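First comes the structure, then the notes that go with it.
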Amino acid sequence: KNQVEQSPQSLIILEGKNCTLQCNYTVSPFSNLRWYKQDTGRGPVSLTIMTFSENTKSNGRYTATLDADTKQSSLHITASQLSDSASYICVVRQTGANNLFFGTGTRLTVIP
Amino acid sequence: GAVVSQHPSRVICKSGTSVKIECRSLDFQATTMFWYRQFPKQSLMLMATSNEGSKATYEQGVEKDKFLINHASLTLSTLTVTSAHPEDSSFYICSASVGGGAYEQYFGPGTRLTVT
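Here's what the structure looks like:
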């Protein structure tokens, strides 16, 4: 069964601290994996996209990693800011189909 | 680029009435549009996929007669919730892509529907 699981479900960190969000998937065949940021009451916005051959990709303070062998990805946020408070969703695309498989997200709260 | 808008952003309607939600791709032609529903603290669930000029393909368990989807042009798709009930209250998000398959989906900002 194609699934995407994220952990932790929620996370509270102090402003300026780093954090790492996890995503494990069983989607096959694998095409790509995206991390999205979803602010409350808004649509998801893409942060990074990882393909099979990519191990690490950065976008500012966001760094995503992918281990296609273990089917795991992580999103590392450096020097967190209050505006980073949002849900972060891992989405895996299956090759050859329109199908996107969404994780349930990690709700990050950054406090001053 | 790749901006998708939705209108309205919030709507409150009475039980039994119908409500229409618009999804527009502002700076590109969207061959394919997707409609999602998101309940509180849950992830997005695909409701249907529509290609311009053809009938939408609904996911299992989604009533096509209740959730009417029209994709009449390459920049506009509409979702009409007919005879809405309180359990239809949810956050509805559309996305658009220039094609199906491996093309990126660009998400709209969502529409909060509350049925009283």
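The listed protein sequences derive, respectively, from chains A and B.
Residues in the first sequence are numbered from 24 upward in steps of one, following the numbering used here.
Residues in the second sequence are numbered from 2 upward in steps of one, following the numbering used here.
Backbone N, C-alpha and C fix where the C-beta goes; we use that ideal spot for every residue, glycine too.
The structure displayed is predicted, hence computed values, not measured ones.
At a Cβ threshold of 8 Å, is residue i touching chain B?
| i | result |
| --- | --- |
| A:Thr154 | Residue 154 of chain A lies beyond the residue range present for chain A, which begins at 24 and ends at 135; the question has no answer from this structure. |
| A:Ile112 | yes |
| A:Arg65 | yes |
With DSSP run on the structure shown, which of helix, strand or coil describes residue i?
| i | result |
| --- | --- |
| A:Glu28 | strand |
| A:Asp62 | coil |
| B:Leu75 | coil |
| A:Ser108 | coil |
| B:Asp89 | helix |
| A:Arg84 | coil |
| B:Ala97 | strand |
| A:Gln95 | strand |
| A:Asn55 | strand |
| B:Gln106 | coil |
How should residue i be labelled, buried or exposed, when 16 other C-beta atoms within 10 angstroms of its C-beta is the threshold for buried?
| i | result |
| --- | --- |
| B:Lys65 | exposed |
| B:Leu80 | buried |
| B:His72 | buried |
| B:Val4 | exposed |
| A:Thr132 | exposed |
Can you find a C-beta in chain A that's less than 8 Å from the C-beta of residue i?
| i | result |
| --- | --- |
| B:Phe29 | no |
| B:Leu69 | no |
| B:Ser78 | no |
| B:Ser91 | no |
| B:Gln61 | no |
| B:Pro110 | yes |
| B:Ile13 | no |
Would you mind reading off the limits of the beta strand (DSSP E) that contains residue i?
| i | result |
| --- | --- |
| A:Val133 | 129-134 |
| A:Tyr48 | 42-48 |
Q | 3 or more residues per run - each beta strand (DSSP E) lying fully within the segment 14-71 of chain B | A | Listed in chain order, the beta strand (DSSP E) elements of length 3 or more contained wholly in the segment 14-71 of chain B are 20-26, 33-39, 46-52.
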